[in-house]
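At position 81 of the sequence shown (counting the first as 1) the number is 77 in the numbering used here, and the numbers step up by one without a gap.
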Amino acid sequence: MANTKQAKKRIRRNANREAINGARVSRIRTFIKAAESALESGKKDEAAKALQEAQPELARGVARGVVHKNTAARKFSRLSKRLASLG
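So, in structure tokens, the structure goes:
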């Protein structure tokens, strides 16, 4: 258990940040899942629109520090590749 005032404040702050960051990651996952389901349906225009909506969310996650830059780049690259393969 925390003894100092500073340590107690840090525990409160960490709990608050964890809730915020968890919500951010969840939101990103939701957008990615929407893009993946659109790709699986085979509708290219719908998948392209979903991918265009997911890309800024990934970029925002990188800017906020909840997703690593390379992870976001990899996810977007793979989704783009699948979109291109729809033909």
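Each residue gets a CB set at the ideal place from its N, CA and C atoms; glycine is no exception. The model shown is predicted, which means the values in this text are computed figures rather than measured ones.
Requested in this report: Since I believe Leu82 is in contact with Gly18 (beta carbons under 8 Å), could you give me their beta-carbon distance rounded to a whole number of angstroms?
Outcome: Not quite, the Cβ-Cβ distance comes to about 33 Å (not below 8 Å), so this is no contact.
Query raised in the report: Is the segment 41 to 60 in contact with the segment 11 to 30, if contact means three or more CB pairs nearer than 8 Å?
Result: yes
Query raised in the report: Can we say the segment 3 to 13 touches the segment 39 to 50, given the rule of at least three CB pairs closer than 8 Å?
Result: no
Query - Residue interval of the alpha helix (DSSP H) (run including Lys84) - result: With the chain covering -3 to 83 only, the question about residue 84 has no answer from this structure.
Query raised in the report: Where Val63 and Arg9 are concerned, what is the direct C-alpha to C-alpha distance, given to the nearest angstrom?
Result: Approximately 20 Å, taken between the alpha carbons.
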